[in-house]
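Before any comments, here is the structure.
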Amino acid sequence: MEQLNLSGKSILITGGTGSLGKALTRRIFARWPDVRRLVIFSRDEQKQFVMAQEYPHSQYPAIRFFIGDVRDRERLVRAMQDVDYVIHAAAMKHVHLAEYNPSECIKTNVGGAENVIYACLETGVQRAVALSTDKACAPINLYGATKLTSDKLFIAANNIRGTNPIRFSVVRYGNVMGSNGSVIPFFIKKKGEGFLPITDPRMTRFNISLDGGVDMVFHALASAWGGEIFIPKIPSYRITDVATAVAPDMEQRVVGIRPGEKIHEEMITPSDSFYTYDMGKYYAIIPSVPNWDLEKFKREFGATLVENGFSYNSGTNTEWVTVEELRRFITAHVDPNFAV
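Be aware that the sequence shown starts at 1, since it is given in the numbering used here, and climbs by one per residue.
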């Protein structure tokens, strides 16, 4: 198994001003201060301006801020000149906004993925990792359907690379706890309004920290053979437990699920089980027809095929985040002044 070493390398992060992009940036500079170049590619100039104050060029000479949209193929090709690794994190992510603006979601999440793949193939990128979501598994909303399509595009890109040594892979995980737009900051803002809105008291979600998400990206960059969907083994949480952790004495008022929401999320369906391997700390869904030696892959990683019909569902998960663990997380990672 290869060890990731970004010393002297050039990396580009699409959607680099988002929560994960900033976490990746922080970890890259902490672990590899001699990285050659780190390109933050995003379309929001205000977020780029703010992030540039955190990473002034005088202290971080390797950083570059590229304003651009993944819908713009030419801009991506220009930004990827002399880039070794690409992390594709840009996407329209809000389920209800995608339902209301379907064509815009498709342009960014599907067309943007195609453009990233094309630019990688054109510019000599060595590895490309796309960020997926649990909502891409058996999707019932447009956001999930576009991310499933993006996953398929990245997997299939390994079949058209020819002699190009690039490897495309995907990392799929659940909600990133404490990230922008996630439920904990939302509930904290609602504390003064008299009640917390609960979509459905049965609702569960997979949970991963920002650091856990970064770890999975680094793992995929180092270990991908091409075409895998990497899935971490992570705990679930109950939405009612999150509400209790934030405000134990507040009313939890059921308001109904929003368009496109599920009660529970899946990351592996029974239909995926025929191609899913247990890798120890994570699972990997491999291509149905991999273009590499499967037996060698299994030997190198100690990978074992899961049982037929296996599924990975937030509602039937065996590992759960407790209310007390949620409170500790909020204090450590979301709001140091948090008090119940």
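Just so it is clear, CB atoms sit at the ideal spot from N, CA and C, and this is done for glycine as well. Just so it is clear, the structure is predicted and the values come from calculations on it, not from any experiment.
Using beta-carbon positions only, say whether residue i and residue j come within less than 8 Å of one another.
i	j	result
Leu420	Ile166	The structure shown has nothing for residue 420, since the chain only spans 1 to 340.
Phe65	Ala52	yes
Arg43	Ile67	yes
Pro287	Ile155	yes
Ser236	Trp320	yes
Gly302	Gly280	yes
Asp69	Val125	no
Asp200	Leu326	no
Ala222	Leu4	yes
Thr146	Asn109	yes
Once you ignore the five residues that flank residue i on each side, which residues in its own chain have a CB closer than 6 Å to its CB?
i	result
Thr304	Asp278
Phe310	Ser273
Ile285	Ile229, Asp272, Tyr275, Thr276
Leu148	Ala136, Pro139
Met203	Ile239, Ile263
Val306	Ser273, Thr276, Asp278
Tyr55	Ile63
Glu45	Ile67
Between residue i and the rest of its own chain, which residues show a CB-CB distance below 8 Å, the 5 nearest in sequence each way excluded?
i	result
Arg253	Phe195, Leu196, Pro197, Ile198
Pro259	Val95, His96, Glu99, Asn141
Thr269	Cys137, Ala138, Ser311
Thr81	Per the sequence shown, residue 81 should be read as Gln rather than Thr. Hits under 8 Å: Thr123.
Considering Cα atoms alone, identify which of the options is closest to residue i.
i	options	result
Tyr282	Ala245, His219, Gly227, Glu266	His219
Asn158	Thr146, Phe206, Arg127, Ile184	Arg127
Gly112	Leu4, Val39, Thr14	Thr14
Phe41	Val77, Val176, Met250, Ser182	Val77
Lys93	Gly8, Val242, Leu20	Leu20
Thr344	Leu4, Arg31, Ile184	No statement about residue 344 is possible, as the shown extent of the chain runs from 1 to 340 and does not include it.
Asp249	Ser179, Pro61, Tyr55, Gly192	Gly192
Thr123	Asn164, Ala90, Asp215	Asn164
Lys189	Arg161, Ala247, Lys152	Ala247
Leu38	Gly227, Asn109, Ile234, Thr17	Thr17
Asn317	Lys298, Glu265, Thr331	Glu265
Spatial neighbours of residue i within its chain, please: C-beta separation below 7 Å, excluding the five flanking residues on both sides.
i	result
Val217	Leu24, Ile87, Val129, Val171
Arg36	Gly8, Lys9, Ser10, Ala62
Asn175	Ser182, Arg205, Phe206, Asn207
Glu114	Leu153
Tyr60	Phe29
Would you be able to state if there are at least three C-beta pairs under 8 Å between the region 157-175 and the region 127-137? yes
Unbroken stretches of the beta strand (DSSP E), 3 residues or longer, contained in the region 1-54: 10-14, 37-42
Complete alpha helix (DSSP H) runs within the region 108-149 (minimum length 4 residues, chain order): 112-123
Hey, is the region 21-34 in contact with the region 207-225, meaning 3+ C-beta pairs nearer than 8 Å? yes
Which runs of the alpha helix (DSSP H), 4 residues or longer, sit entirely within the region 75-106? 95-100, 102-106
Are there three or more Cβ pairs, one per stretch, closer than 8 Å when the region 139-150 is compared with the region 104-120? yes
Hey, is the region 112-121 in contact with the region 54-73, meaning 3+ C-beta pairs nearer than 8 Å? yes
At what residue ranges does the region 193-235 contain a whole run of the alpha helix (DSSP H), taking only runs of 4 or more? 210-223
Evaluate contact between the region 239-258 and the region 287-295, counting only Cβ atoms and requiring at least three cross-stretch pairs below 8 Å. no
Complete runs of the alpha helix (DSSP H) confined to the region 281-307 [at least 4 residues]: 294-301
Which ranges would you report for the beta strand (DSSP E) in the region 158-190 if only whole runs of at least 3 residues count? 167-171
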